[in-house]
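Down below is the structure, laid out as structure tokens.
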Ligand code: ADE
Ligand code: ZN
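Residue numbers (our numbering): 361 to 703.
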């Protein structure tokens, strides 16, 4: 493909090629990926009242981040059994595969899957893994899980969640992380949970620098010692921190469409993703909660190409960075990298 200079817009043909690239997604919330029709179907089956969760056009309804979190948790009420999570896993992996994703990691919360009880969590995980392996066999998409605690549920609840993670760490549960409201508690309050997960051999990530600024990102690196950061984009407000991230090789799971939909940035042109990458940070691209933000991995790639003139080679490199930063075992990572090379 021809190289484009900064001002040279990509052609329709270039964009179509970019949309079809194979992709790797590292930051995807299991419940946040639930298609609205899937949640409505379960609500009907179980007679759960979901008033306020959907707009008249059937999309998820939220005003701001706090409201998004409460709508997310309201929709999640319909997911009540291992079987429901198995069905959700199939639905979201079908959607990801249709967008050209060949490998993804999803965030799973034992808080939602059995309320933090280890025995119940094992049953949920069994159903999710079965659906994951079926999707790999039928659709060619490889998926792995990252157990997450939820920040606004507080540090006390992070401990049984970390225990669930540690007890089920292995070839499918490959990481531990934290989502939820960044404005609540301090990252250091979750040290016990992150240390337990690290000792069990899990790789670490946390949401940071989505809502709070650079200090939060620094704490994720220095206190929790994570290998990846969910979002991390507000690191751009401290260039010494940007250099630290670049030097240490900490990977950012950047979700541009999510940040615009939730109002972190007014539009994609104002988003720092291109500058973070230009300053040497390992940037990867994900959707976060795609139906909430009316995005897909295809859409993210096309939007980045149109806004920042990222050509197919640039997006291939971003995808390779994501595959290299995947938390799965070396054999799986090598297999994914090989598929990208030969695509
Ligand atoms: N959970 C689901 N999406 C999230 C986000 N964007 N930030 C924090 N927690 C989340
Ligand atoms: Zn997220």
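Note that the Cβ used here is the ideal one computed from N, Cα and C, for glycine as well.
Exposure of residue i, with buried meaning 16 or more beta-carbon neighbours within 10 Å
i           : result
residue 369 : exposed
residue 543 : exposed
residue 493 : exposed
residue 468 : buried
residue 682 : buried
residue 547 : buried
residue 511 : buried
residue 607 : exposed
residue 495 : buried
residue 746 : A question about residue 746 goes unanswered here, because the residues of the chain that appear run from 361 up to 703.
residue 528 : buried
residue 508 : buried
residue 363 : The predicted model places residue 363 with a pLDDT of 44, which falls under 50 and marks its position as unreliable, so this point remains unresolved.
residue 578 : buried
residue 591 : buried
residue 404 : exposed
residue 622 : buried
residue 423 : exposed
residue 516 : exposed
residue 409 : exposed
residue 458 : exposed
Residue i: CB within 8 Å of a non-hydrogen atom of the ligand ADE
i           : result
residue 428 : yes
residue 615 : yes
residue 591 : yes
residue 432 : yes
residue 541 : yes
residue 570 : yes
residue 579 : no
residue 601 : no
residue 622 : yes
residue 425 : yes
Cut-off 6 Å between Cβ atoms - residues of its own chain near residue i, not counting five sequence neighbours on either side
i           : result
residue 625 : 619, 631
residue 686 : 693
residue 386 : 465, 613, 644, 646, 682
residue 655 : 617, 647
residue 470 : 476, 481, 521, 524
residue 586 : 564, 565, 566, 580
residue 659 : none
residue 634 : 668
residue 502 : 463, 496
residue 678 : 645
residue 649 : 389, 392
residue 604 : none
Limits of the beta strand (DSSP E) - the one that residue i falls within
i           : result
residue 505 : 502 to 510
Delimiting residues of the alpha helix (DSSP H) encompassing residue i
i           : result
residue 675 : 672 to 684
residue 497 : 478 to 499
residue 599 : 599 to 608
residue 577 : 574 to 582
residue 696 : 690 to 702
residue 613 : Unbroken run through residue 613 is the beta strand (DSSP E), 611 to 614; no alpha helix (DSSP H).
residue 524 : 515 to 528
residue 559 : 551 to 559
residue 373 : 372 to 379
residue 446 : 442 to 458
residue 534 : Per DSSP, residue 534 belongs to no alpha helix (DSSP H); it is in the beta strand (DSSP E), 533 to 539.
residue 781 : Nothing can be reported for residue 781: it is not among the residues displayed for the chain, which extend from 361 to 703.
residue 667 : 657 to 668
Chain-order list of residues whose beta-carbon lies under 7 Å from that of residue i (same chain, five-residue window excluded)
i           : result
residue 484 : 442, 445, 473, 474
residue 478 : 523, 524, 527
residue 558 : 564
residue 379 : 658, 661, 662
residue 487 : 442, 443, 445, 446
residue 615 : 387, 591, 646, 647, 648
residue 504 : 465, 532, 534, 687, 688
residue 460 : 380, 381, 382, 383, 657, 658
Cβ-heavy atom distance, residue i to the ligand ZN, below 8 Å
i           : result
residue 648 : yes
residue 467 : yes
residue 389 : yes
residue 411 : no
residue 503 : no
residue 618 : yes
residue 500 : no
residue 392 : yes
Same chain only: Cβ atoms within 8 Å of residue i, ignoring 5 sequence neighbours per side
i           : result
residue 397 : 418
residue 429 : 512, 540, 541
Check: residue i C-beta below 8 Å from any heavy atom of the ligand ADP
i           : result
residue 567 : The ligand ADP is absent from the structure shown, which contains only the ligand ADE and the ligand ZN.
Does the segment 442 to 450 come close enough to the segment 368 to 386 to have 3 or more Cβ pairs within less than 8 Å? Below 8 Å, too few C-beta pairs join the segment 442 to 450 and the segment 368 to 386 to call them touching: fewer than three.
Looking at C-beta atoms only, is the number of pairs between the segment 664 to 678 and the segment 433 to 442 that lie closer than 8 Å three or more? Put simply, the segment 664 to 678 does not touch the segment 433 to 442. Fewer than three CB pairs are less than 8 Å apart.
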